[in-house]
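So the structure is just underneath, and the comments pick up after that.
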Amino acid sequence: MSLMDKKKQMKKISVVIPTMNESKNIKEVFSNIPDFVDEIVVVDGNSTDGTREEIKKYRSDTKIITEQPSGKGAAMKTGFEMATGDLIIMMDADGSHDPGEIPLLLDPILDGFDVAKGSRLLPGGGSADFTPFRRLGNKIFVSMVNTLYSTNYTDLCYGYRAFKKEALDRIYCSSNGFEIETEQSILMKKAGLKIKEVPSFEAKRKNGNSNLNSIRDGFKILNVILKEYLKPSDTINKKDKHIISYTNKVNTESRQRISAPDHRPLDFK
Numbered sequence: 041m042s043l044m045d046k047k048k049q050m051k052k053i054s055v056v057i058p059t060m061n062e063s064k065n066i067k068e069v070f071s072n073i074p075d076f077v078d079e080i081v082v083v084d085g086n087s088t089d090g091t092r093e094e095i096k097k098y099r100s101d102t103k104i105i106t107e108q109p110s111g112k113g114a115a116m117k118t119g120f121e122m123a124t125g126d127l128i129i130m131m132d133a134d135g136s137h138d139p140g141e142i143p144l145l146l147d148p149i150l151d152g153f154d155v156a157k158g159s160r161l162l163p164g165g166g167s168a169d170f171t172p173f174r175r176l177g178n179k180i181f182v183s184m185v186n187t188l189y190s191t192n193y194t195d196l197c198y199g200y201r202a203f204k205k206e207a208l209d210r211i212y213c214s215s216n217g218f219e220i221e222t223e224q225s226i227l228m229k230k231a232g233l234k235i236k237e238v239p240s241f242e243a244k245r246k247n248g249n250s251n252l253n254s255i256r257d258g259f260k261i262l263n264v265i266l267k268e269y270l271k272p273s274d275t276i277n278k279k280d281k282h283i284i285s286y287t288n289k290v291n292t293e294s295r296q297r298i299s300a301p302d303h304r305p306l307d308f309k
């Protein structure tokens, strides 16, 4: 069955992208997002370099939410709240995630998995941006999570992922920084979601500098791993008691928004 045939089983596909001063990378990313993506939600950290205007040149229907920068995790949570798709993809705006891999992430979801998680360390994946220090840190954190949570992940600190909407709503994260990817990975296991890792290649950032600080953010990742492990077991095992839906967290009163008209869900009856 082709991807488009499988897509008929879904009503809407959304992509959520955080941005902050990424104008020089916008063309590379947005002009290559497949046409079958129904909705693009951008959460912009009050960019001053024309990022929002550049986005509209390539995808005029993009829904853009502008808010004060509070970290990648905070931006992703806002985007998840505002996305209306049945299936939601998270990706970066710096050109490190190839939009051409979107079908590879969608395929497991349409085959019944709850989450498709990109991995740079599976055969067929890779990275042009893995420094020895980052690679070592990722290896240590993967080993910790696999040991403490009985998972079999090959990659942890990589945020190219796809979710069923109802699955994403079961893993509301508290993290506001880059550590959201680690928290997601742990909560996915706690929630009993069906997870599939797929090979993904991480390119070098096309332009500009990353806000990632390996030392600072490494400690945040370690804190998340230990904090979740030390939580009382009853907050994990009671059915969905530790889960707060993104849908129930919507609060847009304080946000300045630049929004395209909403897409109506497609009916494939």
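For the sequence shown, the working numbering begins at 41 and goes up steadily by one. Yeah, the Cβ is synthetic: ideal placement off N, Cα and C, and Gly gets one too. This one's a predicted model, so the numbers in the text were calculated from it and none came from an experiment.
Exposed or buried, residue i, counting other C-beta atoms within 10 Å across all chains shown (16 or more means buried)?
i, result
"Arg175", "exposed"
"Ile80", "buried"
"Phe76", "exposed"
"Ala168", "exposed"
"Lys157", "buried"
"Lys112", "buried"
"Leu145", "buried"
What does the alpha-carbon distance come out to for the pair residue i and residue j?
i, j, result
"Val82", "Ile105", "6 Å"
"Val182", "Leu227", "14 Å"
"Thr171", "Ser63", "25 Å"
"Met221", "Ile149", "Note that residue 221 corresponds to Glu in the displayed sequence, not to Met. Each residue's Cα considered, the two are about 18 Å apart."
"Leu233", "Val155", "7 Å"
"Asp89", "Lys271", "42 Å"
"Cys213", "Gln224", "7 Å"
"Leu162", "Glu94", "34 Å"
"Arg245", "Met131", "13 Å"
By Cβ distance below 8 Å, which residues in the same chain neighbour residue i in space, the five residues on each side in sequence not counted?
i, result
"Ser159", "Gly165, Tyr193, Thr194, Asp195, Tyr198, Glu237, Val238, Pro239 and Ser240"
"Asn86", "Met60, Thr106, Glu107, Gln108 and Pro109"
Please state whether DSSP places residue i in a helix, a strand or coil.
i, result
"Ile57", "strand"
"Glu62", "coil"
"Met148", "Contrary to the premise, residue 148 reads as Pro rather than Met in this sequence. Of the three classes helix, strand and coil, the one that applies to Pro148 here is helix, per DSSP."
"Pro272", "coil"
"Pro143", "helix"
Please return the same chain residues whose Cβ sits closer than 7 Å to the Cβ of residue i, not counting the five positions on each side in sequence.
i, result
"Asp269", "The identity of residue 269 in the sequence shown is Tyr, whereas the question assumes Asp. Leu188, listed in sequence order."
"Phe259", "none"
"Thr191", "Val185 and Lys229"
"Val69", "Ala133, Gly135 and Pro139"
"Tyr98", "Ile66, Lys67, Phe70 and Ser71"
"Asn247", "Lys64 and Asn65"
Using C-beta distances below 6 Å, list every residue in its chain close to residue i, excluding the 5 sequence neighbours before and after it, in chain order.
i, result
"Ala115", "Pro58 and Val83"
Sequence ranges, beta strand (DSSP E) only - wholly within the region 154-184, length at least 3: Counting only runs of 3 or more, we get 155-159.
Runs of alpha helix (DSSP H) lying entirely within the region 197-230, each at least 4 residues, in chain order: The qualifying runs are 205-208 and 220-230.
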